[in-house]
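In UniProt numbering, the protein residues as written are 1 to 461.
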Ligand code: ADP
Ligand code: MG
């Protein structure tokens with residue numbers, strides 16, 4: 001298999017685990033240029049990226065490459081020029097590895113994947129691949145879809161439109177489809193898509209250069225602002241403040257604002273009330289999880305588009321196994337297609353089962369109690385220490401009990417161990433906490449939702 005193919009697949013895997021903004025920032029112009037004696041070499045555009053990938057993403061990168069080629073044991077990074085596409089440098093990066101063909105000026109890095117993904121319009125920051133045409137509608141997302149369509153026909157009818165839902169369920173796709181459609185119908189509209197991470201980045205940069213005034217003007221000139229993943233903004237007051245002013249300036253001029261988030265405004269603990277009430281004044285629509293049939297349809301449509309014939313039983317198995325993330329559905333399908341390409345024949349159901357086991361269960365190995373504690377404290381905006389101390393405040397007791405519950409339910413830790421981890425408490429405390437959450441879950445849908453989101457965080461970081 002070509003390095004380009006290999007890297008493309010690895011990137012698809014990495015993309016699931018990190019934010020889109022980080023993905024685009026750090027993985028642009030990267031490529032695999034060699035694999036030799038268990039070491040994969042990744043070419044990066046500059047020293048800054050090199051350091052960042054090494055320190056921050058090495059684990060993901062290694063894991064993603066190993067999923068494809070288990071002989072790789074480490075990754076090294078070199079600074080190189082972005083490579084131009086070249087056919088067939090290397091046919092078999094996968095199975096037994098021949099001595100590396102060093103990739104000099106060739107390697108097939110600018111894979112279609114990257115080109116497509118980086119095909120982003122500099123003006124609007126929209127990615128043209130996200131359209132309504134390619135967005136599959138089912139009961140799980142029909143409200144969000146209908147609301148999105150109606151603001152295209154009648155901007156301002158719901159303002160803001162607030163769309164929320166779990167990871168990989170199509171929020172970004174949908175809000176960008178709105179932007180692309182608006183531009184298509186009326187090319188003069190000044191549409192801007194922003195991830196809230198990028199928004200924060202720009203503000204920090206503007207503050208540093210003391211040109212925040214200019215930035216504000218820029219934002220206020222948009223007719224249609226799409227802010228993706230707003231939950232991040234809630235992390236700091238300064239950002240909320242900036243966003244609030246931008247929001248108001250646009251809102252007062254009847255400019256349409258579209259917002260996405262991983263949870264509804266009311267569930268973003270640190271979101272200021274004034275923002276909450278503004279959001280609630282518009283339309284709030286959720287995207288749930290697709291049912292089995294919709295998952296199967298999604299797979300069928302995407303398989304057909306790829307031009308590969310994937311047998312029904314394989315698609316059914318994937319649809320059965322991957323339940324709550326469309327991005328993972330796509331990832332599994334890409335992998336099946338890749339397996340077909342490599343072996344020039346469609347993989348058997350058994351092969352696919354093995355492959356899915358790797359995707360689905362492998363990440364669990366990486367989960368540690370520390371990760372659970374961190375995910376829960378991040379979710380409730382508490383310090384990790386705070387959660388472990390002896391406070392009996394309700395805001396802390398509940399998250400602490402959730403930590404104990406998850407340590408038991410997900411990590412299968414013993415109760416004495418859990419007690420010890422949670423601030424040297426007795427094992428009866430751990431048992432009590434576990435039972436309490438278990439009982440609450442029976443009647444409390446909000447709690448169920450919260451725990452689901454926390455688990456997503458645990459397994460996606
Ligand atoms: P989110 O922003 O909610 O994490 P994304 O919008 O990034 O999720 O979606 C993840 C992937 O799944 C994308 O590649 C997207 O195109 C695809 N996807 C999500 N929802 C749908 C859908 N309803 N129809 C087709 N593809 C979808
Ligand atoms: Mg998204």
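The beta carbon of each residue, even a glycine, is placed where N, CA and C say it ideally should be. Since we're looking at a predicted model, the values are computed, not measured.
Along the segment 222-301, the beta strand (DSSP E) occurs as fully enclosed runs of 3 or more residues at 224-228, 256-261 and 283-287, listed in sequence order. In this chain, the beta strand (DSSP E) harbouring residue 161 covers 161-165. If you ignore the 5 residues before and after residue 177, its C-beta comes within less than 6 Å of the C-beta of 130, 131, 132 and 135, all in its own chain and listed in chain order. Between residue 243 and the set 351, 327, 22 and 197, the nearest pair of CA atoms involves 197. Where residue 192 is concerned, the enclosing beta strand (DSSP E) starts and stops at 191-195. Runs of the alpha helix (DSSP H) lying entirely within the segment 424-457, each at least 4 residues long, are 427-443 in chain order. Excluding the 5 residues flanking it on each side, residue 383 has same chain C-beta neighbours closer than 7 Å at 377, in chain order.
Cβ-Cβ distances below 6 Å link residue 191 to 124, 179, 182, 183 and 224 in the same chain, with the five nearest sequence neighbours on each side left out; the list follows chain order. Spatial neighbours of residue 290 in its own chain (CB-CB distance under 6 Å, excluding positions within 5 residues in sequence) are listed in chain order as 138 and 140.
Relative to ligand 1, residue 261 has its C-beta separated by 7 Å or more from all heavy atoms.
Counting along the chain, the unbroken beta strand (DSSP E) around residue 74 starts and ends at 74-79. Sequence-distant partners of residue 336 (beyond 5 residues in either direction) whose C-beta falls short of 7 Å from its own C-beta, in its chain, are 310, 314, 347 and 352. For residue 35, the enclosing beta strand (DSSP E) stretches over residues 31-36.
Secondary structure at residue 43: strand, using DSSP grouped into helix, strand and coil.
Burial state of residue 78 is exposed, judged by a 10 Å Cβ sphere holding fewer than 16 other Cβ atoms. Put simply, the segment 27-45 touches the segment 60-79. At least three CB pairs are less than 8 Å apart.
In the structure shown, residue 404 falls within a helical segment according to DSSP collapsed to helix, strand and coil. Excluding the 5 residues flanking it on each side, residue 65 has same chain C-beta neighbours closer than 6 Å at 10, 40 and 72, in chain order. Taking all protein chains in view, the Cβ of residue 446 is surrounded by fewer than 16 other Cβ atoms within 10 Å, so the residue is classified as exposed. Inclusion of residue 229 in the 7 Å shell around ligand 2 follows from its C-beta lying nearer than that to a non-hydrogen atom of the ligand. For the options 257, 143, 144 and 188, the alpha carbon positioned closest to that of residue 226 is the one of 257. Distances from the CA of residue 399 to each of 380, 171, 320 and 147 were compared; the closest alpha carbon is that of 380.
Between the alpha carbons of residue 427 and residue 268 lies a gap of roughly 32 Å. Within the same chain, Cβ atoms closer than 6 Å to the Cβ of residue 440 are found at 447, the five residues on either side in sequence being excluded. In the displayed model, residue 132 falls within coil according to three-state DSSP, outside both helix and strand.
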